[in-house]
Amino acid sequence: MFEKDYKISYLLDFYGNILTDKQKDAIDLYYNEDLSLAEISEHVGITRQGVRDAIKRGEETLTDMESKLGFAEKFEEYRKAFEEINRCADTIRVSKSNLNFVKIIEENMSMILEQIKNVTVEVE
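Numbering follows this note's numbering, with no gaps: position 37 of the sequence shown is 331.
Spelled out as structure tokens, the structure:
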């Protein structure tokens, strides 16, 4: 049996609709439902080897699409940037009574603007 790479499950969310129904179902059952190849074989009515082949072809398609388009990687970068922006905003919100409030605002606004700049540069 081959090692599970949970990145495939993540890529399925982005590119799953380009797979055949058999590939999509097999990958979903294998990665998201944690079924064995034999269990998937019984569930979908094809041989264990057929399931394995469908998963392998689907994995290749998903990783190929990610290498060409990079949507999942970009999404992860944006998620991290938004988390940092949210953290900075929270720091500003809870620092209202701090004597260094203006300095805290300036520091966090600089970080927020840097995150926005990074995201904007990637989009252009």
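Where a beta carbon is used, it is the ideal one built from N, C-alpha and C, also for glycine. All values reported here derive from a predicted model rather than from experimental measurement.
Reduced DSSP secondary structure (H/G/I, E/B, other) of residue i
| i | result |
| --- | --- |
| Glu-408 | helix |
| Glu-367 | helix |
| Phe-308 | helix |
| Ser-330 | coil |
| Asp-349 | Checking the sequence, you will find Ile at residue 349 rather than Asp. Note: Ile-349 maps to helix in three-state DSSP. |
| Leu-313 | coil |
| Tyr-372 | helix |
| Ile-340 | coil |
| Lys-390 | coil |
| Glu-401 | helix |
| Asp-319 | helix |
| Asp-299 | coil |
Among the options, the one whose alpha carbon lies nearest that of residue i
| i | options | result |
| --- | --- | --- |
| Arg-351 | Asn-402, Gln-317, Ile-410 | Gln-317 |
| Leu-407 | Asn-394, Val-396, Ile-379 | Ile-379 |
| Arg-373 | Asn-412, Tyr-300, Ser-303, Asn-402 | Asn-412 |
| Asp-358 | Ser-303, Tyr-309, Asp-299 | Tyr-309 |
| Leu-305 | Asp-347, Lys-362, Met-403, Glu-333 | Lys-362 |
| Tyr-324 | Asn-311, Ala-348, Asn-402, Phe-376 | Ala-348 |
| Asn-402 | Asn-326, Leu-356, Ile-386 | Ile-386 |
| Thr-314 | Glu-354, Glu-327, Asn-326 | Glu-354 |
| Ser-303 | Glu-360, Ser-389, Met-405, Glu-377 | Glu-360 |
Under 9 Å between C-beta atoms of residue i and residue j
| i | j | result |
| --- | --- | --- |
| Ile-410 | Ala-383 | no |
| Ile-399 | Leu-356 | no |
| Ser-404 | Phe-395 | no |
Assigned exposure category for residue i - 16 Cβ within 10 Å defines buried
| i | result |
| --- | --- |
| Ala-332 | exposed |
| Ile-334 | buried |
Item to check | Contact the stretch 339-353 vs the stretch 362-381: 3+ CB pairs below 8 Å | outcome: Too few Cβ pairs lie closer than 8 Å, so no.
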